[in-house]
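What follows is a set of notes on a single structure, which appears directly below.
Number of protein chains: 2
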Amino acid sequence: MGTLEPMEDEVDRLIQAWRRERPDLDVAPMEVLSRVSRLARHLDRARSQAFDTHGLESWEFDVLAALRRAGTPYQLSPGKLLKETLVTSGTMTNRVDRLAARGLVERLPDPHDRRGVLVQLTPAGRDKVDAAMADLLTHERTLLGGLSDGDQQKIARVLRELVRPFDLEKH
Amino acid sequence: MGTLEPMEDEVDRLIQAWRRERPDLDVAPMEVLSRVSRLARHLDRARSQAFDTHGLESWEFDVLAALRRAGTPYQLSPGKLLKETLVTSGTMTNRVDRLAARGLVERLPDPHDRRGVLVQLTPAGRDKVDAAMADLLTHERTLLGGLSDGDQQKIARVLRELVRPFDLEKH
DNA sequence: CTGATTTATCTTGACGTCGAGATACTCTAA
DNA sequence: TTAGAGTATCTCGACGTCAAGATAAATCAG
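In order, the protein sequences belong to chains U and X.
Heads up: the first sequence begins at 320 in the numbering used here, then just goes up one per residue.
Heads up: the second sequence begins at 320 in the numbering used here, then just goes up one per residue.
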């Protein structure tokens, strides 16, 4: 019955250590969730590297990408932006300040609400985010290279199920 | 052939927007990797909440857990600790300072290397991390509740494959 | 032994984020 | 019309992290 055992990774080491120290605990959830956390960490680093080429920081890309996704005229309020990027309002003010200083976005007064502001992508900002996005996807395709299409779909479905409760709770 | 379509999540929205704006790009990698990143973010928040009960911050748990996993006498050098927790040396100095101030760890001189230090869990630190770990796992089991054992094993295997290249590259 | 290199830890300053609160404007309903 | 509640954005101080550099001790080559 030769089950082909996959090679060990750091999480296997981690789990082994916990089982030794706390045999009373069921550490099975770590098999999935610790790997998700660690992989996300590595992905962040990889993203940063990919963006380096374009002189972009990850946080800059996050904002520019949200504007780019919105479609012409590439405008969103700071409020919408912080919902898209999951940061607080103070953070977004700061981000927009710096992106504007770099000439990648502009702040325009909202014509319909004098409290409001619209953040708009400049042509330079659009070019940067388009180039960075293409590179990011190329790089990510490499990372997924080893996975069959079937496995990718399977894991995407499972991850969707895991994320959904969180997406729902914030209403 | 009634394929049961899973409900949409935020990443589906994201992907749809990119396909509309950039039909020239193959955004399939996001199906997996964006979900990994977002799930990890949500997991971080959930972890923080679970630790709140014990008056612990996530970063505190990370250090205490590394020491706890090491087994009696629950000692590790700052160097080993920063390899375990993936932070820089300055960060670890700061963390140990604050944990020592709270009485959860102690700094001892390394008897074999006068440059060195050993960070040791106090009994109070051990109690805290043991209680927090048990709660964390209970909570994580809930999050995974909807998944069959088979799905959990499948996804764990796939994630291990995705993480391995990163685990290897840092030698 | 001696000088050069490496290793282990700590120090410092800059940075990005958060959370609480301030300010200005809009909306609702009496 | 107006008081009060709600909303949009910005300000500010505290915090944790990082990167670069400082210090001190160990190790290695000659």
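Here a beta-carbon is modelled for each residue, glycine too, at the ideal position from N, C-alpha and C.
Please go through the segment 368 to 411 of chain U and give each complete alpha helix (DSSP H) segment of 4 or more residues, from N-terminal end onward.
Complete alpha helix (DSSP H) runs here, min 4: 377 to 388, 397 to 404.
Cutoff 8 Å: U/Phe-485 Cβ touching any chain X Cβ
Contact with chain X is found for U/Phe-485, since one of that chain's Cβ atoms lies less than 8 Å from the residue's Cβ.
Counting C-beta neighbours from all protein chains within 10 Å, is the total for U/Gly-444 16 or more, i.e. buried, or is it exposed?
With 16 or more other Cβ atoms within 10 Å, it is buried.
Under DSSP, the beta strand (DSSP E) around X/Arg-426 begins and ends at which residues?
X/Arg-426 -> beta strand (DSSP E) spans 424 to 428.
If you measure from the beta carbon of U/Met-452 to each beta carbon in chain X, is any gap under 8 Å?
Under the Cβ criterion of 8 Å, U/Met-452 is counted among the residues facing chain X.
Just the chain U side, please: which residues come within less than 7 Å of X/Pro-428 by C-beta, in chain order?
Contact of X/Pro-428 with chain U by beta-carbon distance below 7 Å is absent, the smallest such distance being about 25 Å.
Are at least three pairs of beta-carbons, each pair with one atom in the segment 458 to 477 of chain U and one in the segment 477 to 486 of chain X, less than 8 Å apart?
Yes, the segment 458 to 477 of chain U touches the segment 477 to 486 of chain X.
Span separating the alpha-carbon of U/His-490 from that of X/Arg-433
Summary for U/His-490: the model assigns pLDDT 46, below 50, so the residue's position carries little reliability; its value from the coordinates is reported in the next sentence. So the two alpha carbons sit approximately 56 Å from each other.
Residues, ordered as in the chain, of the segment 387 to 405 of chain X that lie near chain U by beta-carbon distance below 8 Å:
Of all residues in the segment 387 to 405 of chain X, the ones placed with a Cβ closer than 8 Å to any Cβ belonging to chain U are Arg-387, Arg-388, Ala-389, Gly-390, Leu-405, in chain order.
Sorry if obvious, but does the Cβ on X/Arg-483 come closer than 7 Å to a heavy atom of the ligand ADP?
The ligand ADP is absent from the structure shown, which contains no ligand whatsoever.
Tell me the DSSP bridge mates of X/Leu-463?
In the DSSP output, where bridge partners are listed per residue, X/Leu-463 has none listed.
If you draw a straight line from the alpha carbon of U/Leu-344 to that of X/Thr-410, how long is it in whole angstroms?
Distance between the alpha carbons of U/Leu-344 and X/Thr-410: 30 Å.
Can you find a C-beta in chain U that's less than 8 Å from the C-beta of X/Pro-348?
The beta-carbon of X/Pro-348 is placed less than 8 Å from the nearest beta-carbon of chain U.
Given a cut-off of 8 Å, decide if U/Ala-359 and X/Val-448 are closer than it, judged by their beta-carbon atoms.
For the pair X/Val-448 and U/Ala-359, the CB atoms are not nearer than the 8 Å cut-off.
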